[in-house]
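Below: one structure, written as structure tokens.
2 protein chains.
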Amino acid sequence: MANRSRRKIAEATISRLPMYLRILLELTESGVAGVSSEKIAEMGGINAAKVRKDLSYLGSYGTRGVGYEVSFLIFQIQRELGIDHEWPVVIVGAGNLGQALIGSGGFGRRSYPIVGLVDIDEAKVGSLIGSLRVGHIDELPALIASRKVAIGVVAVPGEAAQMVADRLISAGVTSILNFAPIPVSVPAGITVRQVDLACELQILSFHEQHKKKVVPWPQVLPKSVSA
Amino acid sequence: MANRSRRKIAEATISRLPMYLRILLELTESGVAGVSSEKIAEMGGINAAKVRKDLSYLGSYGTRGVGYEVSFLIFQIQRELGIDHEWPVVIVGAGNLGQALIGSGGFGRRSYPIVGLVDIDEAKVGSLIGSLRVGHIDELPALIASRKVAIGVVAVPGEAAQMVADRLISAGVTSILNFAPIPVSVPAGITVRQVDLACELQILSFHEQHKKKVVPWPQVLPKSVSA
């Protein structure tokens, strides 16, 4: 098998896989069995060449004039995303944000069950949020070991975020989803996704600013001329 | 000015500008006046060529051996992101999520002041959350017109998200930050950012899956051979 190659998938491609999956699931619900890269691109608001390149990482090339087989592509993406497994999640922080996350329905029950919710505030420990009993943050190591938790969610104020991330990691978590408004530092081998409100607002104001008036891009000259 | 060109900035570049800004503000707080693309790349976890390309869109090229002037780069990025203006924001949904957003500190007071919080639930209308009085969703048009609001935040359950987005847009909002777990459809000219919990979890499980065991990438053959 000399041709067998192991290619590193680009981070930007990984971040688009969930979107492709959502589009394909929509299509399959509408009874669509085959789809072109152009149609996927249109539904995702990106260009078709990028779709084809992204999907080629999965080994999917589609067939000229027919496109991609929706059900097989769903299978491939779900396998890549690990959605065929269960990934138990713990949430640290039982305040408004933790409660909102639990109530949001964003954790698919099947793939990302919330197996624990802990807080440092003794007053909250023992209370029920939905069907979850709030545990103490000191319970993290036992919880993470017994439930084989890989993903921890940081839903605490910014000043507590790093401490919480450190405790999650030392308890054995290897992926962190950080909702605190401050980035956390983690050792190599730990994956972090930061949900950053300020960043989202800045991206929107960028677009607003460039909608209001057409701002000419700064003069771009070759380096040799600009001096 | 034959060389004056107006270039379209790539969406991926736009989405990295907030990160560059955060890094540069950190550097300036530490008293650093000049920085190389390599240093920015290291702090941002991306490669230096990408940093240089991104910053070239701003007309910033740095100087060989010296790098970029931190304060000027901050000025340029803030200008592009529109952070030199004020962008008043309204939040729809006074539940746990809306309350968490208000309490999060993620809305910088200066650039993105929250000027209104509304809900459809009469029981919530009139109550105070922080210093904000909860208004009724019917107040949106007056609120948005009087406070010149361009950005609306959807912090409601998934089933209400499209209705809320429609009402925000018809009231004059042109950018939407959607925290509901369901994407919303908007007409051309309206910008949407979706904060998608399921998507973040899927990206983490992708990485977890590929950490656990080294999964060989599917065999990739040139198209002409794969048939």
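Same order as they appear, the protein sequences are chains Y and P.
According to our numbering, the first sequence is numbered sequentially starting from 1.
According to our numbering, the second sequence is numbered sequentially starting from 228.
Beta carbons: idealized from backbone N, C-alpha and C, even for Gly.
Can you find a CB in chain Y that lies within less than 9 angstroms of the CB of P:I430?
The C-beta of P:I430 comes closer than 9 angstroms to at least one C-beta of chain Y.
Quick one: which chain Y residues come within Cβ less than 7 angstroms of P:S402?
L204, H207 and E208
Counting only beta-carbon atoms, is P:M390 nearer than 9 angstroms to chain Y?
no
Is there a Cβ from chain Y that is less than 9 angstroms from the Cβ of P:S338?
Closer than 9 angstroms to some Cβ of chain Y, the Cβ of P:S338 qualifies, so yes.
Any C-beta of chain Y under 9 angstroms from that of P:P414
no
Alpha carbon to alpha carbon, how far is Y:R147 from Y:E38? Give it in angstroms, no decimals.
43 angstroms
With Y:I151 and Y:L177 assumed to form a contact (beta carbons below 8 angstroms), what rounded beta-carbon distance in angstroms separates them?
Indeed, because the Cβ distance is near 7 angstroms, the residues count as touching under 8 angstroms.
Between which residues of its own chain and P:L359 is the CB-CB distance below 6 angstroms, once the five residues before and five after are set aside?
L344
What residues in the stretch 304 to 316 of chain P bring their beta carbon closer than 8 angstroms to a beta carbon of chain Y?
Per Cβ criterion, the list reads E307, L308, G309, I310, H312, W314 and V316.
How about Y:A161 and Y:I182: do their beta carbons lie closer than 9 angstroms?
yes
Hey, does Y:A12 have any beta-carbon neighbour from chain P nearer than 9 angstroms?
yes
Compare the C-beta of Y:L97 with all C-beta atoms of chain P and state if any pair is closer than 9 angstroms.
yes
Under 8 angstroms by Cβ, that's how I've got Y:A142 and Y:D119 pegged, so tell me the actual separation to the nearest angstrom.
Actually they do not touch by this definition, with Cβ atoms about 16 angstroms apart.
From this set, Y:G59, Y:S36, Y:Y57 and Y:L58, which residue's C-alpha is nearest Y:A48's C-alpha?
Y:S36
Nearest neighbour of Y:E208, chosen from P:V316, P:G385, P:F433 and P:K351 [CA to CA]:
P:V316
Classify Y:Q67 as helix, strand or coil using the three-state DSSP reduction.
Per the sequence shown, the amino acid found at residue 67 of chain Y is Gly instead of Gln. Three-state DSSP puts Y:G67 in a strand.
Please decide whether Y:I144 counts as near chain P, where near means a Cβ-Cβ distance under 9 angstroms.
For Y:I144, not one C-beta of chain P is nearer than 9 angstroms to its own C-beta.
Look at Y:Y112 and Y:L73 and say whether their C-beta atoms are less than 9 angstroms apart.
no
Write down the C-beta distance between Y:T28 and Y:D54 rounded to the nearest angstrom, noting that I regard them as a contact closer than 8 angstroms.
Their Cβ separation, rounded to whole angstroms, is 19 angstroms, which puts Y:T28 and Y:D54 out of contact at 8 angstroms.
Contact residues within the stretch 239 to 263 of chain P, judged by C-beta distance below 9 angstroms to chain A:
Considering every chain present, this structure includes no chain A. Its protein chains are Y and P.
Spatial neighbours of P:V447 in its chain, beta-carbon cut-off 7 angstroms, leaving aside the 5 residues before and after:
With a pLDDT of 44 at P:V447, under the threshold of 50, the modelled position of this residue cannot be trusted, and the question is left open.
State the Cα-Cα distance for the pair Y:G98 and Y:G67, rounded to the nearest angstrom.
42 angstroms
Thinking C-beta only, is Y:R16 closer than 9 angstroms to Y:G44?
Yes, the pair counts as a contact, with Cβ atoms nearer than the cut-off.
Same chain only: Cβ atoms within 7 angstroms of P:V297, ignoring 5 sequence neighbours per side:
L251, L254, T255, V259, A260, G261 and V262
Same chain, Cβ closer than 6 angstroms to Y:A41, five either side skipped, listed in chain order:
N47, A48 and V51
Pairwise C-alpha distance: Y:G103 and P:E423
What sits at residue 423 of chain P in the sequence shown is Asp, not Glu. Each residue's alpha carbon lies about 14 angstroms from the other.
CB P:V376 to CB P:G399, shorter than 9 angstroms?
yes
Quick one, are the C-beta atoms of Y:V192 and Y:V153 less than 9 angstroms apart?
no
Any beta carbon of chain Y sitting closer than 9 angstroms to that of P:E349?
Residue contact check for P:E349 against chain Y: no CB pair falls below 9 angstroms.
Measuring straight from C-alpha to C-alpha, what distance separates P:I341 and P:F334?
7 angstroms
Quick one: does Y:S104 have its CB under 9 angstroms from some CB of chain P?
yes
Assign P:L355 to buried or exposed, taking buried as 16 or more other Cβ atoms, counted over all protein chains shown, within 10 Å of its Cβ.
exposed
P:R394, enclosing alpha helix (DSSP H) - first and last residue:
Per DSSP, P:R394 belongs to the alpha helix (DSSP H) from G385 to S397.
Burial state of Y:L201 (16 or more Cβ within 10 Å)
Only buried fits Y:L201, as 16 or more other CB atoms lie within 10 angstroms of its CB.
Which residues does DSSP pair with Y:T28 in a beta bridge?
None; Y:T28 has no bridge partner.
Proximal residues of chain Y, C-beta to C-beta of P:A377 below 9 angstroms:
L204, S205, E208, K211 and K212
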